[in-house]
Amino acid sequence: MNTQSPGLFIAFEGGDGAGKSTQAARLAGSLEARGLTVLRTREPGGTPIGERLRSLVLDHGHGHIDAHTEALIFAASRAAHASQVIRPALERGEVVLTDRYIDSSVAYQGAGRDLSADAVRSLNEWATSGLLPDLTVLLDVDPADGRRRRTAGDAAEDRLESEADEFHATIRAAFLDLAASRPDAYLVLPAHLPVQEIAERILTRVDALLTFAGRGAA
Ligand code: TYD
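All the letters of the sequence shown, read from the start, carry residue numbers 54 to 271 under the numbering used here.
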């Protein structure tokens with residue numbers, strides 16, 4: 054395990070409206086039913102300071118936020134999250150499921166905002182002292198589909214969600230590039246598949262990881 058701790062660290066990534074939280078909840082339920090302790094968390098946020106930073110960077114009404122400031126706010130939230138929440142849980146041997154992690158910054162700030170992807174990655178590896186997921190589940194969503202799904206029921210879009218489809222298309226391509234560069238560390242699934250099928254495919258992959266770690270289900 055690349056976390057070098059007894060726990061298992063899984064990140065859910067993908068465009069807005071991909072269904073990450075639904076799938077994280079399903080996976081948590083399946084693993085808990087087997088007696089594993091699961092910690093579900095999200096970014097930006099996951100800690101009191103992170104939640105404050107989340108509202109600064111996502112809510113409308115804070116005036117213009119330039120790309121560097123935006124990247125630093127996400128990284129600051131992540132630093133607190135990694136050191137206060139994720140690493141301690143992994144050291145306790147828990148399974149940590151996070152809705153978004155470093156790849157979101159590489160895709161949204163690196164590619165979407167046109168900062169250097171390498172710079173954004175380095176910033177975030179520094180912020181987290183190099184804590185990387187054992188597996189990243191990428192739910193690949195078509196930008197128009199994603200917008201339809203997230204605005205169903207008239208939900209309001211946050212500052213990043215309300216960017217144009219072109220911005221979301223750039224992000225989608227960046228996520229796919231990240232997955233292609235390290236296929237062993239990713240599970241890429243089309244977000245339009247039935248929820249149940251996606252859940253089963255994720256569980257199969259996670260079972261394999263747990264078996265590898267000697268913690269396979271009975
Ligand atoms: P998310 O919490 O997934 O949105 P919601 O809960 O509203 O579905 O993410 C909020 C937004 O923040 C999303 O548009 C992606 C963006 N984001 C970044 O731009 N960079 C990051 O590093 C993270 C974690 C999120």
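Here a beta-carbon is modelled for each residue, glycine too, at the ideal position from N, C-alpha and C.
- Distance from the CA of L192 to the CA of E216, rounded to the nearest whole angstrom, comes to 19 angstroms.
- Around the beta carbon of E96, 16 or more other beta carbons sit within 10 angstroms, so the residue counts as buried.
- Judged by DSSP secondary structure, L240 falls within the beta strand (DSSP E) whose first and last residues are 239-243.
- In chain order, L184 place their CB closer than 7 angstroms to the CB of R140, counting only its own chain and leaving out the 5 sequence neighbours on each side.
- Taking a cut-off of 8 angstroms for Cβ pairs, the region 217-224 and the region 118-132 do not touch, as fewer than three such pairs fall below it.
- Within the region 154-203, the alpha helix (DSSP H) runs of at least 4 residues that lie entirely inside it are, in chain order, 155-158, 170-180.
- In this chain, the beta strand (DSSP E) harbouring A64 covers 61-67.
- Membership of T94 in any alpha helix (DSSP H) is not indicated; the residue belongs instead to the beta strand (DSSP E) covering 91-95.
- Residue pairing for V149: DSSP places it in a beta bridge opposite F62, L92.
- Annotated three-state conformation of A217 is coil, per DSSP.
- The nearest non-hydrogen atom of the ligand TYD is less than 7 angstroms from the C-beta of L111.
- Under the three-state reduction of DSSP output, A208 falls in the coil class, being neither helix nor strand.
- For the pair L231 and D167, the Cα-to-Cα distance works out to about 16 angstroms.
- Cβ-Cβ separation between L109 and H115: approximately 6 angstroms, consistent with a contact (criterion under 8 angstroms).
- Taking a cut-off of 8 angstroms on C-beta distances, the region 70-85 does not touch the region 168-179, as fewer than three cross pairs fall below it.
- For S157, the shortest separation between its Cβ and any heavy atom of the ligand TYD lies below 7 angstroms.
- By the Cβ rule, the region 142-159 counts as touching the region 84-102, because three or more pairs are nearer than 8 angstroms.
- Taking 4 residues as the shortest admissible run, the region 95-124 contains the following complete alpha helix (DSSP H) segments, listed from N- to C-terminal end: 101-111.
- When C-beta atoms of the region 152-165 are compared with those of the region 194-207, fewer than three pairs fall below 8 angstroms, so the two segments do not count as touching.
- The criterion of a C-beta distance shorter than 8 angstroms is satisfied by V138 and G99.
- With a cutoff of 8 angstroms on beta-carbon distance, V190 and L262 are scored as not near each other.
- In terms of Cα proximity to A164, the closest of T181, A227, E210 is A227.
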